[in-house]
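Everything below concerns the one structure shown next.
Residue numbers (the numbering used here), protein chains in the order written: chain A, 1156 to 1431; chain B, 186 to 480.
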């Protein structure tokens, strides 16, 4: 290797490592602070790593903070939303990709246009709608309005558009029903696009804050981000427990991310639908 | 009897199914996306605290808003925040994307590490950084103290509170936009840049005259999405500063939330939210113009 190339390589990797450190360091500190005692966090000079690994914080957030209740709600909501939206987005995406009917173009642009609607604008009318439906403090309020996203429908439509028509035609000739074609051919063939959009749906639901804050006032229905906000209010000085709760909130997303990194980034950035 | 063309043939039957499959989408997006817009316009013409009957007051909410110092403060503060977040994102994400746009050892691993802040829930990011910004035992004192800045009261200092929120937002969202740029770079055929290289183009010329023009749509997409997203940040001021100190970080979404759900001024909050939508619409159109004019 030429010396010039070695130098550029060293500079390149140093820049990479520096950037990676800046990005990851707060997260590492969160994990390490979750294992510290109360005194260790306040100590001077500041400690970055705990003296000993203490897992007692993790037991304490379950016994004192009741974090399992919030965790439970978050899981119920996320799983339901994923299950429903995987089905509905694929169905609507399929209809827009493979059928010809009057008004189809209009419906497509109608759904695309809703992507432009800022949530801040519709949040008040949506809240009033929830009140009217008597859904305040219920799982319905947390699940139903997220049961489909324009982005999900769009991505599925783009994906199904590329599937060959022959499968569908062959199934029709074999006498399969239209619902049968959707369930037995389209759904299984779209599984990679469905999983990418499901990851996106999961993350946005797991992290969602404003909507649950507005529609729940009883702890019984609060999701994890709301739980964290409450802990921050009630236990402002117990940073070790706040960090432990934060780790618990991050953990599921982190595991899915590390397992399906490529699919994950694809789904979150909508790269499946983006063509430069 | 003469044979008539069947009124309802097999293809009509398929069309009907297509329409039927589409119906859930039409109903859903009408109820949860489009109807609320019209409802917001309607509510903005009323004075309403939910508990009593709404009273029609015409455009009084709007006139009240445009003469309110608090509203204009939130408006300006929001612009401060959006500019503070979007410009660094546009500036940094392309160079970093270029760094990632070539094969090297541990590329996937580095990409994963860079991307992790994006998946952190905003509530967690807020709590974590609140600890790190603590003037006496926060982790940032490890950097600021040796530099001679003792006792920086980040979130309680009117001049530093907004930069603090901006730092968190950039940290948490920048890799997201970087990856979108990376996807854009990946879609540029290598043959283009190779051909230019053969013709004697320097790497800088290659970037300016081939990569950048081809990337224009992606840049436009990133800047539009970044503006829309940062205009709507709610959890950061809510959890970290409560809009303070004073009103230094009372971003518009938080201002709207407080008016609607703390002071129960549904009409007033709706009119503010509609102004936010119009501003976003205008900014989107302006960005389209800027990118198209450079053609």
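The beta-carbon is built from N, C-alpha and C at its ideal position, and this holds for glycine as well.
Source: prediction; values computed, not measured.
| Helix or strand or just coil, what does DSSP make of residue 232 of chain B? | Reduced to three states, the DSSP call for residue 232 of chain B is strand.
| request: Report the residue from B/402, B/337, B/460 whose alpha carbon sits nearest the alpha carbon of residue 251 of chain B. | output: B/460
| field | residue 1398 of chain A classed as buried or exposed, judged by whether at least 16 other C-beta atoms fall within 10 angstroms | value | buried
| task | Apply the 10 Å Cβ neighbour rule to residue 1330 of chain A and answer buried if 16 or more other Cβ atoms are within range, or exposed otherwise. | result | With fewer than 16 other Cβ atoms within 10 Å, it is exposed.
| query | Quick one, which of B/285, B/446, B/453 has its alpha-carbon nearest residue 364 of chain B's? | reply | It is B/285.
| field | Own chain, CB closer than 7 Å to residue 1236 of chain A, minus 5 neighbours either side, in chain order | value | Excluding positions up to five away in sequence, the list reads 1298, 1301, 1302, 1356, 1360.
| query | In three-state terms, what does DSSP make of residue 1364 of chain A? | reply | coil
| task | Taking all protein chains shown into account, decide if residue 276 of chain B is buried (16 or more other Cβ within 10 angstroms of its Cβ) or exposed. | result | Taking all protein chains in view, the Cβ of residue 276 of chain B is surrounded by fewer than 16 other Cβ atoms within 10 Å, so the residue is classified as exposed.
| query | Are the C-beta of residue 1228 of chain A and some C-beta of chain B separated by less than 8 Å? | reply | By this cut-off, residue 1228 of chain A is not an interface position.
| query | Using the C-alpha atoms, what's the distance from residue 1394 of chain A back to residue 339 of chain B? | reply | 18 Å
| For residue 1371 of chain A, which option in A/1318, A/1296, A/1314, A/1420 has the closest C-alpha, if you only look at C-alpha atoms? | A/1296
| CB contact flag (residue 345 of chain B, residue 332 of chain B, <8 Å) | Inclusion of residue 345 of chain B and residue 332 of chain B in the CB contact set at 8 Å is not warranted, their separation being larger than that value.
| task | Closer than 8 Å by C-beta to residue 407 of chain B: which residues in its own chain qualify, once you throw out the five before and the five after it? Chain order, please. | result | 274, 275, 278, 362, 365, 366
| query | So which residues of chain E does residue 1387 of chain A contact, with C-beta pairs closer than 7 Å? | reply | Given the protein chain composition of this structure (A and B), no chain E is represented.
| request: For chain B, find out if any of its Cβ atoms is closer than 8 Å to the Cβ of residue 1264 of chain A; answer yes or no. | output: no
| task | Give me the Cα-Cα distance between residue 335 of chain B and residue 447 of chain B, rounded to the nearest whole angstrom. | result | Those two C-alpha atoms are separated by around 37 Å.
| message | Measuring only the C-alpha atoms, how far is residue 469 of chain B from residue 1182 of chain A? | response | One C-alpha to the other measures close to 34 Å.
| message | Is there a Cβ of chain A sitting closer than 8 Å to that of residue 309 of chain B, yes or no? | response | yes
| request: Quick one: list the residues of chain B neighbouring residue 1366 of chain A, beta-carbon separation under 7 Å, in chain order. | output: The premise fails here: residue 1366 of chain A is roughly 10 Å from chain B at the closest Cβ pair, so nothing lies under 7 Å.
| message | DSSP three-state label for residue 240 of chain B, please. | response | strand
| query | Alpha carbon to alpha carbon, how far is residue 1396 of chain A from residue 322 of chain B? | reply | In this structure, the straight-line span from the alpha carbon of residue 1396 of chain A to that of residue 322 of chain B is close to 16 Å.
| task | Go to residue 314 of chain B, then tell me how far its alpha helix (DSSP H) extends in each direction, as first and last residue. | result | 307 to 317
| task | Hey, could you find the ends of the alpha helix (DSSP H) residue 1327 of chain A is sitting in? | result | 1320 to 1328
| Exposure label - residue 1314 of chain A; buried when at least 16 CB within 10 Å | buried
| Runs of alpha helix (DSSP H) wholly within the segment 1187 to 1272 of chain A (minimum 4 residues, chain order) | 1193 to 1197, 1211 to 1218, 1222 to 1253, 1259 to 1269
| Which of helix, strand or coil DSSP assigns to residue 1431 of chain A | Legend: pLDDT at residue 1431 of chain A = 35, less than 50; position of this residue unreliable, no value from coordinates given.
| query | Alpha carbon to alpha carbon, how far is residue 1224 of chain A from residue 1382 of chain A? | reply | Note on geometry: alpha-carbon atoms of residue 1224 of chain A and residue 1382 of chain A lie some 9 Å from one another.
| said: Any beta carbon of chain B sitting closer than 8 Å to that of residue 1353 of chain A? | reply: Not an interface residue.
| said: With H, G and I counted as helix, E and B as strand and the rest as coil, what does DSSP make of residue 1424 of chain A? | reply: helix
| said: Let me check understanding here. Comparing Cα to Cα, which of A/1385, A/1377, A/1358, A/1389 lies closest to residue 1409 of chain A? | reply: A/1358
| What separation, rounded to the nearest whole angstrom, lies between the Cα atoms of residue 452 of chain B and residue 230 of chain B? | Going by C-alpha positions, residue 452 of chain B is about 6 Å away from residue 230 of chain B.
| Since residue 1129 of chain A and residue 1419 of chain A are thought to touch, with beta carbons under 8 Å apart, how far apart are those beta carbons, to the nearest angstrom? | Nothing can be reported for residue 1129 of chain A: it is not among the residues displayed for chain A, which extend from 1156 to 1431.
| task | Rounded to whole angstroms, what's the CA-CA distance from residue 442 of chain B to residue 1367 of chain A? Just pull it up for me. | result | Approximately 13 Å, taken between the alpha carbons.
| request: Could you check how far apart the C-beta atoms of residue 413 of chain B and residue 357 of chain B are, in whole angstroms? I think they sit under 8 Å. | output: That pair is no contact at about 16 Å.
| request: Would you mind sorting residue 1323 of chain A into buried or exposed? The rule is 16 or more other CB atoms within 10 Å of its CB. | output: The residue is buried, with at least 16 neighbouring Cβ atoms inside 10 Å.
| query | How many Å lie between residue 1374 of chain A and residue 1283 of chain A at the Cα? | reply | Taking C-alpha positions only, residue 1374 of chain A is separated from residue 1283 of chain A by approximately 21 Å.
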